[in-house]
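These protein sequences, in sequence, are chains A and B.
One gets the numbering used here by counting positions in the first sequence from 1 and adding 111 to each.
One gets the numbering used here by counting positions in the second sequence from 1 and adding 111 to each.
Where a beta carbon is used, it is the ideal one built from N, C-alpha and C, also for glycine.
Keep in mind that this is a model prediction, so the values were computed, not measured.
Structure record follows, encoded as structure tokens.
Protein chains: 2
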Amino acid sequence: MRYKLVVSYDGSCFHGFQRQNNYLSVQEKLEKTLEEILKTPVVIKAASRTDAGVHAYGQVCHFDSPQLVPEKNLKKILNKKLFPSIYIKDVQHVDNTFHARINALKKEYHYFVNIGEFDPTRAKYIHYFHNRIDIEKMKEAMRYICGTHDFKSFSKNHTIKTTVRTIEKFELIQDGDMLEFVIIGNGFMYNMVRIIIALMLKVAEGKFEPIHIKEIIDGCDRHLAPFVAPACGLYLWKVYYESDLVNHETK
Amino acid sequence: MRYKLVVSYDGSCFHGFQRQNNYLSVQEKLEKTLEEILKTPVVIKAASRTDAGVHAYGQVCHFDSPQLVPEKNLKKILNKKLFPSIYIKDVQHVDNTFHARINALKKEYHYFVNIGEFDPTRAKYIHYFHNRIDIEKMKEAMRYICGTHDFKSFSKNHTIKTTVRTIEKFELIQDGDMLEFVIIGNGFMYNMVRIIIALMLKVAEGKFEPIHIKEIIDGCDRHLAPFVAPACGLYLWKVYYESDLVNHETK
């Protein structure tokens, strides 16, 4: 019996999604809780290995269970045990061909930046950026990110097969002093979203001209963009699968 | 030299405002930090002793310093040392007649309730209320709170001189699934705002009729309202002084 979970969590409570020694991860918490409920070891596979401090509103995982549990019951009991740092938004019985990571067609991340007065209640949830910024210049730079490019300059990992990715959407929503970046792509390498945001903020504060973003992409060299925006502002928002796209089109 | 501070803080990081043994309070953190800067013991007086878990965007404190420090410098160095759980919004040199608690004319609190899907990233910052609620009935109940009443039913403390308070404003702002209560009064007793909110939610979920709120007030008995809403939703928003009212009127 394979189950698909849609999960939200407070990343500030965990040292990232992936299991590791000595530090509590979302994966460990989920696996141990499922093991308690199902009385058998459980292995969780997730769409994305979010870093320490990164939040999620729509992480997707799957796991196999030897027994059938009604979806509604499983959601209820999981949420009771996971409260308050993790919340299961949805539990769905899926067939064995579903794989949370391999079947993911695209991912949506949001990144929040506060350019106003510092708010201590949001310190772990929004990146506070206190320099003056030029929104129009930044928007110009954002356009260079969109499309299909070799994002080698945005990747620390030299062992992966290809660094070509397609960014289908990169938008900025401004609500007063709050900036919300929305980025959707067919895949993101380790730290890639945070590197992109860090570069956008460099342009915003006048340290880079927008055209320099194109030069960084074309240069295909990680040393051209050695910046990473803080984890706290980043949220894994949604993972898209074939079924989401079909549902969306027929709606 | 007397200084007035306007302070915001993340209440989830402290066991309330007031100093206590074995637990970190906002007062202790502020006093120790000021002592480090001014090289002399400092006593902080605050407008309101917020409880453990209660947040502030506009707490007001005062303290005396043997030396004159430029306001801007003091703000900068304090914020560097207090980051990220406390933020000093304003430092002002005031004359010796100013007292943060005694001179406070009225206080404004906001209380946030999430009536939608649970959000783990806001668990410590918004009260999550998962029952169905009737907003119109609740608004009817809110009207009974406004005005000057003996709020004895809303006070645990039997030693205080008078339990009469005036609530000049009690409003509800609804933004989707987020409820924001705004309450302004000339004074609030220990837990009074949280007791009021708990009662409003009792009406909202249909456990009390709105008229019962009037009966609770008229009954002048704490046992009639033995409820307290969670601390996490509460924010000390603003403390009003003579100078605020004058400034406001002349603006």
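Distance between beta carbons of residue j and residue i, contact taken as under 8 Å
i, j, result
"Arg113 (chain A)", "Asp201 (chain A)", "The pair is not a contact, with the Cβ atoms about 14 Å apart (cut-off 8 Å)."
"Gln170 (chain A)", "Val224 (chain A)", "Gln170 (chain A) to Val224 (chain A), Cβ: 22 Å. No contact."
"His367 (chain A)", "Gly122 (chain A)", "Chain A is shown from 112 up to 362; residue 367 (chain A) falls before or after that span and cannot be answered."
"Asn302 (chain B)", "Thr277 (chain B)", "The Cβ separation is near 18 Å, so there is no contact."
"Lys263 (chain A)", "Thr270 (chain A)", "With a Cβ gap of about 13 Å, Lys263 (chain A) and Thr270 (chain A) do not count as contacting."
"Asp261 (chain B)", "Ala315 (chain B)", "The Cβ separation is near 24 Å, so there is no contact."
"Ser266 (chain A)", "Met300 (chain A)", "4 Å"
"Ile227 (chain A)", "Gly287 (chain A)", "Here residue 227 (chain A) turns out to be Gly, not Ile, going by the sequence shown. Sure, about 7 Å apart at Cβ, within 8 Å."
"Lys325 (chain B)", "Gln203 (chain B)", "Incorrect: roughly 42 Å between the Cβ atoms, too far for contact."
Burial state of residue i (16 or more Cβ within 10 Å)
i, result
"Asn133 (chain A)", "exposed"
"Leu332 (chain A)", "Reading off the sequence, residue 332 (chain A) comes out as Asp, not Leu. It counts as exposed."
"Pro231 (chain A)", "buried"
"Phe194 (chain A)", "exposed"
"Thr77 (chain B)", "It is not possible to answer for residue 77 (chain B), since the shown part of chain B is limited to 112 through 362."
"Val154 (chain A)", "exposed"
"Pro181 (chain B)", "exposed"
"Arg233 (chain B)", "buried"
"Pro152 (chain A)", "exposed"
"Ile213 (chain B)", "exposed"
"Gly164 (chain B)", "buried"
"Leu347 (chain A)", "buried"
"Val304 (chain A)", "buried"
"Gly317 (chain B)", "exposed"
"Lys272 (chain B)", "exposed"
"Pro337 (chain A)", "exposed"
"Leu179 (chain A)", "exposed"
"Ile256 (chain B)", "buried"
"His221 (chain B)", "buried"
"Lys81 (chain B)", "Only positions 112 to 362 of chain B appear in the structure, and residue 81 (chain B) is not among them; the question remains open."
"Lys150 (chain A)", "exposed"
"Lys183 (chain A)", "exposed"
Range of the contiguous alpha helix (DSSP H) that encloses residue i
i, result
"Ala371 (chain B)", "Residue 371 (chain B) cannot be examined here, being either before or after the span of chain B that is shown, 112 to 362."
"Val339 (chain B)", "Where Val339 (chain B) is concerned, there is no enclosing alpha helix (DSSP H), given that its DSSP letter is neither H nor E."
"Gly296 (chain A)", "Note, Gly296 (chain A): premise wrong, no alpha helix (DSSP H); beta strand (DSSP E) at 289-296."
"Ile365 (chain A)", "With chain A running from 112 to 362 in the structure shown, residue 365 (chain A) is simply not present."
"Lys140 (chain A)", "137-149"
Beta-carbon proximity list for residue i, same chain, < 6 Å, skipping 5 on both sides
i, result
"Lys349 (chain A)", "Gly169, Glu219"
"Lys313 (chain A)", "Phe319"
"Leu141 (chain A)", "Ile155"
"Leu189 (chain A)", "Ile199"
"Lys248 (chain B)", "Val314, Pro321"
"Lys192 (chain A)", "Thr144"
"Val293 (chain B)", "His221, Glu282"
"Lys362 (chain A)", "Because Lys362 (chain A) carries a pLDDT of 42, less than 50, the predicted location of this residue cannot be relied on, and no value is offered for it."
Limits of the unbroken beta strand (DSSP E) element including residue i
i, result
"Gln170 (chain A)", "166-175"
"Gln285 (chain B)", "275-286"
"Asn190 (chain B)", "First-last for Asn190 (chain B): 182-193, but that is the alpha helix (DSSP H), not the beta strand (DSSP E)."
"Leu312 (chain A)", "Segment 303-315 is the alpha helix (DSSP H) holding Leu312 (chain A); no beta strand (DSSP E) there."
"Glu219 (chain A)", "217-225"
"Ser119 (chain B)", "113-120"
"Lys349 (chain B)", "345-351"
"Lys200 (chain B)", "197-205"
Neighbourhood of residue i by C-beta distance below 8 Å, restricted to the same chain and skipping five residues each side
i, result
"Leu135 (chain B)", "Cys124, Phe125, His126"
"Leu356 (chain A)", "Leu216"
"Tyr120 (chain A)", "Val137, His166, Ala167, Gln170, Ser196, Ile197, Tyr198"
"Gly72 (chain A)", "For residue 72 (chain A) there is no data in the structure shown, the boundaries of chain A being 112 and 362."
"His210 (chain A)", "Lys156, His173"
"Glu147 (chain A)", "Lys192"
"Pro177 (chain A)", "Met112, Leu149, Thr151"
Cβ neighbours of residue i in the same chain (closer than 7 Å, five flanking residues each side left out)
i, result
"Lys235 (chain A)", "Ser123, Cys343"
"Met289 (chain A)", "Phe223, Asn225"
"Tyr239 (chain B)", "Asn225, Phe229"
"Met253 (chain A)", "Phe281, Leu283, Met311"
"Arg130 (chain A)", "Ser136, Gln138, Glu139"
"Lys250 (chain A)", "Leu283"
Check: residue i C-beta below 7 Å from any heavy atom of the ligand HEM
i, result
"Pro321 (chain B)", "Only the bare structure without any ligand can be found here, which leaves the ligand HEM out of the picture."
Contacting positions in the stretch 218-234 of chain B - beta carbon closer than 9 Å to chain A: Glu228, Phe229, Asp230, Pro231, Thr232, Arg233, Ala234
Where the stretch 191-216 of chain B meets chain A: residues whose CB sits under 9 Å from a CB there: Leu193, Phe194, Pro195, Ser196, Ile197, Tyr198, Lys200
Chain B contacts made by the stretch 149-167 of chain A, where a contact means CB separation under 8 Å: His166
Contacting positions in the stretch 278-290 of chain A - beta carbon closer than 7 Å to chain B: none
Contact residues within the stretch 117-139 of chain B, judged by C-beta distance below 7 Å to chain A: Ser119, Tyr120, Asp121
Chain B contacts made by the stretch 234-257 of chain A, where a contact means CB separation under 9 Å: Ala234, Lys235, Tyr236, Tyr239
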